[in-house]
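Step one of this worksheet: look at the structure below.
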Amino acid sequence: MKWESFQSKVPGKWVLAGEHAVLRGAAAIALPHPELGLSLRFEPGPAGGGIEVLPSEGAEPILEIIAALPEAGQISGRLEIESTIPWGAGLGSSAALCVALARWFSGPLGLSAAALPDFATKLENRFHGKSSGMDIAVILAGEPVRFLRGQNAVPLGIRRLPKFTFHDTGLRARTSLCVAQVEVYLREHAERGAYLDQLMGCASREAEEGLSLYGSGQSGEGLRLIAQAMARGQQCFEAWGLFPDSVRGLRQDLLERGALAAKLTGAGGGGMLVALWDDPDRARSW
Ligand code: MEV
C-alpha cells in the first residue's frame with residue numbers, strides 16, 4: 164500500500180426536498196452547496212513517524228477511522244483538513260469529510276469508483292448512526308441529483324439554477340435525534356405520518372420538475388413549482404415538530420422581503436433556512 168501526496172476538494176450539500184421521507188423510500192432532491200466546501204491534503208512523512216491531523220481539535224474521529232484501515236500503521240505524514248462548512252448545520256459537514264477521506268483511501272486500498280458511495284456512507288454512519296446515504300451521494304456527484312435510498316443518485320443535468328440564499332438559524336440539532344423524533348411521530352400518528360411522507364415525496368417531484376423547467380428557460384412556472392415544493396417541505400418540518408418557534412421571525416422576515424419560499428434544509432430542528440428568490444438583487448440585500 165502506497166500513501167502518496169494527495170489532495171481533494173469537495174462541496175457541502177443542501178436538500179431542496181425529501182428530507183426524512185427519503186429514509187422510508189421517497190425521492191429526495193439534493194444539491195451541492197454553491198460556496199461552502201472542504202479540502203483535504205495529505206503529505207507523506209518518514210516511515211514510522213505516525214500521522215498528524217490538523218486542525219487537532221477535529222482529529223479524534225479521523226484518527227479512529229484511519230486506525231480501522233488495514234495496515235493503518237504504515238501511514239505516516241501530515242493530514243490537513245480545511246472546511247468552511249459549519250458543523251451540525253445540515254450542510255453535509257461530516258459527509259464532505261467522509262467523501263474526501265474515501266477518495267484519499269481509494270488509491271492505496273484499491274477502491275473502485277463504484278465502491279466509493281458505500282464505503283463513504285459506512286464512514287459517515289460513525290458520525291450519524293444510519294443515514295440514507297443521500298449526503299454522500301450528492302457530494303460525490305457534485306451536481307443536483309435525485310436520490311432514492313439504496314440506489315445510485317441520478318444527476319439531474321441542470322445547468323441553470325434559480326437564486327437560493329442560506330440563513331443560519333443559529334440553532335444546532337443532531338441529525339440522529341431529529342430522525343428519532345420523526346420516528347416517534349410516525350408511531351404515534353401513523354396515518355398523518357404516512358401522509359406527511361407522501362407530501363414530502365410530492366414536494367420532491369415538484370422540485371425536480373420546477374428545476375428542470377427553470378433550467379430550460381421557463382422561469383416563471385419553474386419558480387412556482389419550486390416554491391410550492393418548498394412550502395410542502397416546510398409544512399412537513401412543522402408537523403414533525405422540527406421547526407423551532409424561535410425561527411419563525413427569520414422566516415417571516417425573508418418572506419416579507421420578497422423571498423418566494425423559505426424552508427429548513429437537512430434534518431431540521433435548526434441549522435439553515437434556505438430561501439428562493441426571483442430577483443437576484445433582492446436576494447443580494449441579505
Ligand atoms: C439529512 O440531511 C437528511 C435526513 O433525511 C437524513 C438522511 O437522509 O440520512 C434527515
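The sequence shown begins at 164 in my numbering and counts up one residue at a time.
Every residue gets a Cβ at the ideal spot worked out from N, C-alpha and C, and that includes glycine.
In angstroms with no decimal places, state the Cα-to-Cα distance between proline 417 and alanine 425.
Strictly speaking, residue 417 in this sequence is leucine, with proline absent from that position. When rounded, the distance between both Cα atoms is 7 Å.
To the nearest angstrom, report how far apart alanine 369 and leucine 311 are at their CA atoms.
Reading the sequence as shown, one finds glutamate at residue 369 and not alanine. Roughly 16 Å separates the two Cα atoms.
Going by beta carbon distance, what residues of the same chain come within less than 7 Å of leucine 423, once the five residues before and after it are set aside?
In the same chain as leucine 423, and ignoring 5 residues on each side of it, the C-beta atoms closer than 7 Å to its own belong to Leu386, Ala390, Leu439, Trp440, Asp441, in chain order.
With a threshold of 8 Å (Cβ to nearest heavy atom), would methionine 393 be considered close to the ligand MEV?
No, Cβ of methionine 393 sits at least 8 Å from all heavy atoms of the ligand MEV.
Which class does tryptophan 267 belong to by DSSP, given the choice of helix, strand or coil?
helix
Distance check for alanine 184 and leucine 362, CA to CA, integer angstroms please.
9 Å
Would you decide whether serine 379 is buried or exposed? Buried here means 16 or more other CB atoms lie within 10 Å of its CB.
exposed
Return yes when the C-beta of alanine 366 is under 8 Å from any heavy atom of the ligand MEV, and no when it is not.
no
What first and last residue would you give for the beta strand (DSSP E) that runs through alanine 300?
Looking at the DSSP string, alanine 300 is not in any beta strand (DSSP E); the run it does join, the alpha helix (DSSP H), is 297–304.
In three-state terms, what does DSSP make of alanine 343?
helix
Would you report the Cα separation of alanine 353 and glycine 432, rounded to the nearest angstrom?
Those two C-alpha atoms are separated by around 21 Å.
Complete alpha helix (DSSP H) runs within the region 190–241 (minimum length 4 residues, chain order):
222–230
Distance CB(alanine 252)-CB(leucine 201) smaller than 9 Å
The answer is no: Cβ separation not under 9 Å.
Neighbourhood of leucine 388 by C-beta distance below 7 Å, restricted to the same chain and skipping five residues each side:
Glu369, Glu372, Gly373, Leu376
Does phenylalanine 282 come out as helix, strand or coil in the three-state DSSP assignment?
helix
Given 8 Å, three or more beta-carbon pairs between the region 236–252 and the region 207–217
Touching, yes.
Alpha carbon to alpha carbon, how far is leucine 359 from tryptophan 267? Give it in angstroms, no decimals.
Using only the alpha carbons, I get a separation of about 39 Å.
Buried or exposed for leucine 340, please, with buried defined as at least 16 other CB atoms from any protein chain shown within 10 angstroms of its CB.
exposed
Quick check on glutamine 398: does DSSP put it in helix, strand or coil?
helix
Does the beta carbon of glutamate 346 fall short of 8 Å from some heavy atom of the ligand MEV?
no
Using CA coordinates, which residue listed in Lys172, Glu384, Leu194, Gly255 is at the minimum distance from phenylalanine 290?
Gly255
Considering only DSSP beta bridges, list what threonine 328 is partnered with.
Ala438
Count the other C-beta atoms from every protein chain shown that fall within 10 angstroms of the C-beta of lysine 293, then say buried if there are 16 or more, exposed otherwise.
exposed
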